[in-house]
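S.K.: Protein chains in written order, with my numbering: chain A, 1 to 334; chain B, 335 to 548.
#1: Report the neighbours of residue 49 of chain A on chain B: residues whose CB is nearer than 8 Å to its CB, in chain order.
#2: Residues of chain A with CB closer than 8 Å to the CB of residue 370 of chain B, please, in chain order.
#3: Please state if the CB of residue 398 of chain B and the CB of residue 528 of chain B are separated by a distance shorter than 7 Å.
#4: What does a CB cutoff of less than 6 Å around residue 47 of chain A pick up in its chain, not counting 5 residues either side in sequence?
#5: Is residue 16 of chain A close to chain B? Criterion is C-beta to C-beta, closer than 7 Å.
#6: Less than 7 Å between the C-beta atoms of residue 276 of chain A and residue 246 of chain A, yes or no?
#7: Tell me residue 147 of chain A's beta-bridge partners as DSSP assigns them.
#8: Candidates B:448, B:522, B:523 and B:530: which alpha carbon is nearest residue 497 of chain B's?
#9: So within the region 429-494 of chain B, which uninterrupted alpha helix (DSSP H) runs reach at least 4 residues, ignoring any that extend past its ends?
#10: Thinking just about the alpha-carbon of each residue, which of A:288, A:205 and A:111 is nearest to the one in residue 318 of chain A?
#11: Looking only at C-alpha atoms, which of B:388, B:402 and B:513 sits nearest to residue 422 of chain B?
#12: Taking the alpha-carbon positions, what's the residue 146 of chain A to residue 393 of chain B distance?
#13: Considering residue 19 of chain A, what are the terminal residues of the beta strand (DSSP E) in which it resides?
#14: Could you list which residues in chain A have their beta carbon closer than 9 Å to that of residue 426 of chain B, in chain order?
#15: Just the chain B side, please: which residues come within less than 8 Å of residue 101 of chain A by C-beta, in chain order?
#16: Alpha carbons only, please: which of A:306, A:157, A:257 and A:213 is nearest the one belonging to residue 143 of chain A?
#17: Going residue by residue through the region 14-76 of chain A, where are the continuous alpha helix (DSSP H) segments of at least 4 residues, counting only ones entirely within it?
#18: Can you find the residues in the same chain that come closer than 8 Å, C-beta to C-beta, to residue 452 of chain B, ignoring five residues on each side of it along the sequence?
#19: Can you give me the Cβ contacts of residue 165 of chain A inside the same chain, cut-off strictly under 6 Å, excluding the 5 residues immediately before and after it?
#20: Going along the region 208-234 of chain A in order, which residues come within less than 9 Å of chain B, judged by CB to CB distance?
#21: Kindly provide the ranges of any alpha helix (DSSP H) runs that are 4 or more residues long and lie completely inside the region 170-252 of chain A, ordered along the chain.
#22: Counting only Cβ pairs nearer than 9 Å, list the residues of chain B close to residue 104 of chain A.
#23: What in chain A is Cβ-close to residue 400 of chain B, meaning under 8 Å?
#24: In terms of residues, what are the limits of the alpha helix (DSSP H) holding residue 386 of chain B?
#25: Along chain A, in chain order, which residues have C-beta atoms closer than 8 Å to that of residue 408 of chain B?
#26: Does any CB atom of chain B fall closer than 7 Å to the CB of residue 320 of chain A?
#27: Taking its Cβ as the centre, do 16 or more other Cβ atoms sit within 10 Å of residue 78 of chain A, making it buried, or is it exposed?
#28: Cβ closer than 7 Å: which chain B residues qualify as neighbours of residue 41 of chain A?
#29: In this structure, how does DSSP classify residue 359 of chain B when only helix, strand and coil are distinguished?
#30: Give the DSSP bridge partners of residue 292 of chain A, in chain order.
#31: Could you check whether the Cβ of residue 527 of chain B sits closer than 7 Å to any Cβ belonging to chain A?
#32: Assign residue 403 of chain B to one of three DSSP states: helix, strand, or coil.
#33: Taking Cβ positions, are residue 391 of chain B and residue 338 of chain B nearer each other than 7 Å?
#34: Using 7 Å as the limit for Cβ to Cβ distance, is residue 64 of chain A near chain B?
#35: Give me the chain C residues within the contact set of residue 59 of chain A, using Cβ-Cβ distance strictly less than 7 Å, ordered along the chain.
#36: Give me, in chain order, the residues of the same chain whose beta-carbon lies closer than 6 Å to that of residue 43 of chain A; leave out the 5 immediate sequence neighbours on both sides.
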């Protein structure tokens, strides 16, 4: 069978990325240009700054990726692009670039949902096995997705307010850690003990999550301790926060696996790099005989290779778009 | 020599094909939130109507600002990807200069794009599009104070300006601005980027913060 090459573009937040992926499984070349150092100056991603950087870099990233892959745009089978969700101004750059290439080379244009990309990042390591449950956790998302086969998504739950990564960054800021603080909170948590009492967030029968409450609890706790002139033990507070968050994420995920009678669990997104979450899931999945798949670090953060992997299956299903494709800041995964 | 003209910076979105110093096809739509949906199809329709193929275009002229940040980015992204991948010459044009191609009765023309809170994007040109004042983001108050008293001045703006000068609506002359820039050497497409004429609010705040600490 003839090989299928996808040129994929991802620009939903603060990474400009282009990748060439073969048959949805082989990453031929990927270039990721991260703006993280710039946004660190502002203590978080500034949307207007992000859009400005995407447009300055898009053609250079495209060129570098095509050179690395030794392929021309004319030789690829389709152009895939993240159309949403994400920062609208950032998404627009990738979408306009993809539309322009699809038009000029008369190639099919394949819109890919960012979360589908995160899930399919795992396909670049090992073919997905179905049915599966995907726990997508990042700075912008917290979703539980059920998949009975390739490219079929049923969102069974998700966050009602803050994404889990967002809560981590906020907590990091309150206890004086630098942006992006998620990984630092994780590190500190491993050096401390959960001595502070924090609520277990939205501990109910649904598959939904809520992290704004625990975030506020941490903010208030720090404030009150300061007022009393007490020193905060950062390690112990990080450990207490992480403990509660990991507890609720794993509890609902394990329940979903049981209720849907699924033996494959995928973890995806930036927070999939969290050591505390990985350790707890590894332990629980081993005892429940669940096949746990966690992507390597480079696939946890935003990259176009995952969009190329997901884009391949969307393309095979004929899920293409016309030149009037638009970017969407929010859209449910279907 | 075939030229593609793209303007997404202002109240209208425009695509045109110019062949042999003549406008072969021209599409103008009122700009709105559907710019990101419509701009590429509009360019395709313009190219189709001229009965040419994308690769038949030799030069791309794109308005790269000032104006709506998102608007500019849609046009410039399409133009720079187009020029980069098909190896075409790319020449950026200024929206204020384009507005200044409007016919007027006077010595100097002041294109003005309202940017809220007394601020606007503005410049001053003479009838041959020579620059009298460089494009900049400035307060209307200081602009009005700095205008020469010995010249007849006409404002050109899509916005309704409540000022003592004559204000006319833009009726742009695409050929005039293209002819003025037909000998420009152009840019490497990687380097063709928007000219916002203004830092982002976050950058301005950071700058203030750094100055305070110095």
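Positions of the beta carbon are idealized from the N, C-alpha and C atoms, including for glycine.
M.R.: On the basis of the coordinates in this document:
#1: 534, 536 and 537
#2: 92, 95, 96, 326 and 327
#3: yes
#4: 87 and 89
#5: no
#6: yes
#7: A:132
#8: B:448
#9: 429-433 and 474-480
#10: A:111
#11: B:388
#12: 50 Å
#13: 15-22
#14: None at all; the shortest Cβ gap to chain A is about 13 Å.
#15: 415 and 419
#16: A:157
#17: 36-40 and 47-69
#18: 473, 474 and 475
#19: 138, 139, 182, 270 and 271
#20: none
#21: 182-189 and 212-227
#22: 388, 389, 415, 416, 419 and 420
#23: Residues of chain A passing the Cβ test: none, with the nearest at roughly 14 Å.
#24: No alpha helix (DSSP H) contains residue 386 of chain B, which DSSP labels as neither H nor E.
#25: 92 and 96
#26: no
#27: buried
#28: 540
#29: strand
#30: A:265
#31: yes
#32: helix
#33: yes
#34: no
#35: Looking at the structure shown, chain C is missing, and the protein chains on hand are A and B.
#36: 179
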